[in-house]
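Participant: Using my numbering, the letters of the sequence shown map in sequence onto residues 7 to 583. For every residue, glycine included, the Cβ atom is placed at its ideal position computed from N, Cα and C.
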Amino acid sequence: MTMGAEHRPVRMCWLVVSLLLLSFLASCGTPADETLFAYTGEEELPGQLRGILQRGTDFLHPQPDTASLEAMPHAGVHPLGINVFLNQEVEERKRDRSLEMIAEAGFQWVRQEFPWEDIEIHGKGDFVDRRNDLDGDGEVDPVDAWAKYDNIVTLAERHDLDVIVRLSNPPAWTRELTNTIGAYAPPDNLSDWGDYVYTTVSRYRGRVRYYQLWNEPNVYPEWGEQPVDPAGYTELLCEGYRRAKEADPNAVIISGALAPTVSLDPGPGPARGMSDFVFLQRMYDAGAGACFDILSVNDYMLWSGPTDHRLRPLNINFSRPIYIRDIMVANGDADKPIWIGEMNSNAVPNDPAIADVGAYGQVTLEEQARYAPLAYERIQREWPWVGVANFWFFKRPDDREKNQAMYYFRMAEPDFTPLPVYGAMKAYAAELTPTLYPGTHQEDHWALTYEGAWAEGGDGKDPVREFRRSAAEGAAIRFVFEGARLTLVPGPEAGEVVVQIDDGNPRRVALEGAPVDLVKGWRGGRREVALTAGPGGMSVDALVVRGPWRPARGVILGLVGAAAVITWASVCVLRRR
């Protein structure tokens, strides 16, 4: 049998499947390539057809439970964040220029590492940097190790940016084996780590609120030259959490971002690590649930785009946080959000001089510029349990790493020349209307605009139970929501609210402490809402948006996929007879 004849049945099967899928998509009134990309994140037709078939079989296995209507703090924040390496910029003007461009592009958050090894450098309690001869006279010139980081916080404040401080990288003196066990290995004595966390949080109390403890503890080399250890990381996390809260009870602690990996070899060694799913469950088993306020993951677009909706636990795609969320819900953490520590696609060129081309996927600069806004849009529309997503990264201080694939995640060149993704994100942010999408949204959601006098209510202990109440008649809240149903969850006090939807007639609604439906329907839409306090005042604890009724995507695609599979199998059987 010739090679062509051998594969003819397979080609016939794929042809039947393709015709079925294309017929279905044509009936939707949308160009097939756009619809296929919107479900699969694949650019080429063969990958799109394979992806839509895989997506269609998702209904055959249990679906993750994301508890999307669960109330939680720290989710309704401005979603645009970006990673920076300002500590590596020697000149203040370059730090300032970086933050200026970031603010101009519409970002609200910068994720910046405060490396322990660069602050408490030479020994316990020693915060003086004696590593450099700055004036060339042959003598060491001592420098306050905090000065650079104080400057970063000050510059961020000047540009109205919030800082997520990442604490990691212990100095060599914290380990008996120094850096021979790895520069990222944990300290021998966790109390040294706790003291560093306490000192840092105390120093920036009232200026920085969000702290992330470690990064990618589930993969090599972030736990040093030793196997990764979820129980060991949990001990470190809990020590840091306890000491941070001692320093500032209002500090919000973010767990170290888990790297997406399917590896089950804890290492040490390149490409070694532990599946983020397994690592997280073992963290919970060790008691980590009591030691963070926000869970963090990294979510890259490696081999498909941000619209890849396939749920394939053994493959890494942009939908992976859905499984992480399912693990959180199963362990009683449905009321905590996820923040994405790093997110981007890799625009590495085809150059044999560059190491690891394709290790992080490979897209064009134009695709990178298209994917980033789509990623942020999907997060806001579909994942109400995600808060900040941090683009990886703004720029490196120089181009010495241009022979490495990692360098090509950048948004700007070292000389501040912006790449296409910078312009794309700037345009996206400029046109972005803060919107309440399906989910439960707290009273401090960034999409809500308050007018007039308001006061805080609640016991100040549980953020989910806090609410806002009007301090005078006529105080108002304005916002846009997209969905079919809108429910106001008021505070415990009785009152009255005047509701106006778009240009409709205002209507008065009594508040008696129980949820009240303000909009009811089964068809979705985008609406502008104004809620005005009546004579009795009003309060708001949360706003719940529900989407329109429609057959689940998985059911639709499942039926199409099942039909395709049955047809494929039938044709194959007939061809072999």
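Give me the Cα-Cα distance between Ala32 and Ala411, rounded to the nearest whole angstrom.
Facilitator: The pLDDT assigned to Ala32 is 45, lower than 50, so where the model puts this residue is not dependable; a value taken from the coordinates is nonetheless given after this. C-alpha of Ala32 to C-alpha of Ala411: approximately 39 Å in a straight line.
Participant: Under DSSP, the beta strand (DSSP E) around Ser281 begins and ends at which residues?
Facilitator: Taken as a continuous stretch (DSSP letters only), Ser281 belongs to no beta strand (DSSP E), as it is neither H nor E.
Participant: In whole angstroms, give me the CA-to-CA distance for Asn350 and Val116.
Facilitator: 15 Å
Participant: CB Leu524 to CB Leu494, shorter than 7 Å?
Facilitator: yes
Participant: In the DSSP assignment, find the unbroken beta strand (DSSP E) run with Arg117 in it and report its ends.
Facilitator: Trp115 to Pro121
Participant: Does the contact criterion of 3 or more C-beta pairs under 8 Å hold for the stretch 293-309 versus the stretch 261-280?
Facilitator: yes
Participant: Just how far apart, CA to CA, sit Leu317 and Gln60?
Facilitator: 9 Å
Participant: Can you give the Cα-Cα distance for Cys34 and Ile108, rounded to whole angstroms?
Facilitator: With a pLDDT of only 49 at Cys34, under the threshold of 50, the placement of this residue in the model should not be trusted; the figure read from the coordinates follows. For Cys34 and Ile108, the gap between their C-alpha atoms comes out near 39 Å.
Participant: Measure the CB-CB distance between Ala477 and Ala490 and report whether it falls below 7 Å.
Facilitator: no
Participant: On the three-state DSSP scale, how would you describe Trp345?
Facilitator: Under the three-state reduction of DSSP output, Trp345 falls in the strand class.
Participant: Would you list, in sequence order, the uninterrupted beta strand (DSSP E) runs of no fewer than 3 residues that lie entirely inside the stretch 413-454?
Facilitator: 445-448
Participant: Quick check on DSSP: helix, strand or coil for Gly62?
Facilitator: helix
Participant: Pull up the distance between the alpha-carbon of Thr184 and that of Ala178, whole angstroms please.
Facilitator: 4 Å
Participant: In or out: Ser29 buried (at least 16 other Cβ within 10 Å) or exposed?
Facilitator: Any reading at Ser29 needs caution, since the residue's pLDDT is 48, under 50, leaving its predicted position unreliable; the model's value is listed next. The residue is exposed, with fewer than 16 neighbouring Cβ atoms inside 10 Å.
Participant: Less than 8 Å between the CB atoms is what I'm expecting for Thr446 and Leu75, so what's the real figure, rounded?
Facilitator: 5 Å
Participant: Where does the unbroken beta strand (DSSP E) through Ser174 begin, and where does it stop?
Facilitator: Asp168 to Ser174
Participant: Does Gly497 come out as helix, strand or coil in the three-state DSSP assignment?
Facilitator: coil
Participant: Flag this pair as yes or no: are the beta carbons of Pro121 and Ile328 separated by less than 7 Å?
Facilitator: For Pro121 and Ile328, no; Cβs fall outside 7 Å.
Participant: Taking the alpha-carbon of Ala375 as reference, which of Tyr428, Tyr45, Arg529 and Arg552 has the nearest alpha-carbon?
Facilitator: Tyr428
Participant: Is the distance from the Cβ of Tyr190 to the Cβ of Gly238 below 7 Å?
Facilitator: no
Participant: For the putative contact between Arg533 and Asp508, defined by C-beta atoms under 8 Å, what is the C-beta separation to the nearest angstrom?
Facilitator: 6 Å
Participant: Answer yes or no: do Gly393 and Trp345 have a C-beta to C-beta separation smaller than 7 Å?
Facilitator: yes
Participant: Which stretch, first to last residue, makes up the beta strand (DSSP E) that contains Thr538?
Facilitator: Gly531 to Ala539
Participant: For Val486 and Gly480, I'd like the C-alpha separation in whole angstroms.
Facilitator: If I take the Cα positions, the gap works out to 19 Å.
Participant: Buried or exposed, going by whether 16 or more other CB atoms sit within 10 Å of the CB of Leu308?
Facilitator: buried
Participant: Going by C-alpha distance, which of Phe285, Asp39, Ser104 and Phe43 is nearest Phe399?
Facilitator: Ser104
Participant: Output the boundary residues of the alpha helix (DSSP H) element that contains Gln386.
Facilitator: Taken as a continuous stretch (DSSP letters only), the alpha helix (DSSP H) holding Gln386 covers Leu371 to Glu388.
Participant: Taking all protein chains shown into account, do 16 or more other C-beta atoms lie within 10 angstroms of the C-beta of Leu92, making it buried, or fewer, making it exposed?
Facilitator: buried
Participant: May I ask which residues mark the beginning and end of the alpha helix (DSSP H) holding Asp523?
Facilitator: First-last for Asp523: Val522 to Val525, but that is the beta strand (DSSP E), not the alpha helix (DSSP H).
Participant: Kindly provide the ranges of any beta strand (DSSP E) runs that are 3 or more residues long and lie completely inside the stretch 213-260, ordered along the chain.
Facilitator: 216-221
Participant: Cα separation between Gly543 and Val470?
Facilitator: 21 Å
Participant: Among Asp166, Ala162, Pro176 and Glu110, which has the Cα closest to the Cα of His128?
Facilitator: Pro176
Participant: For the alpha helix (DSSP H) containing Gly200, list its first residue and its last residue.
Facilitator: Leu196 to Arg209
Participant: So, does the stretch 267-282 touch the stretch 354-362, judging by three or more C-beta pairs under 8 Å?
Facilitator: no
Participant: Are three or more beta carbon pairs between the stretch 82-89 and the stretch 48-65 nearer than 8 Å?
Facilitator: no
Participant: In terms of residue numbering, what span does the beta strand (DSSP E) encompassing Ser302 cover?
Facilitator: Leu301 to Val303
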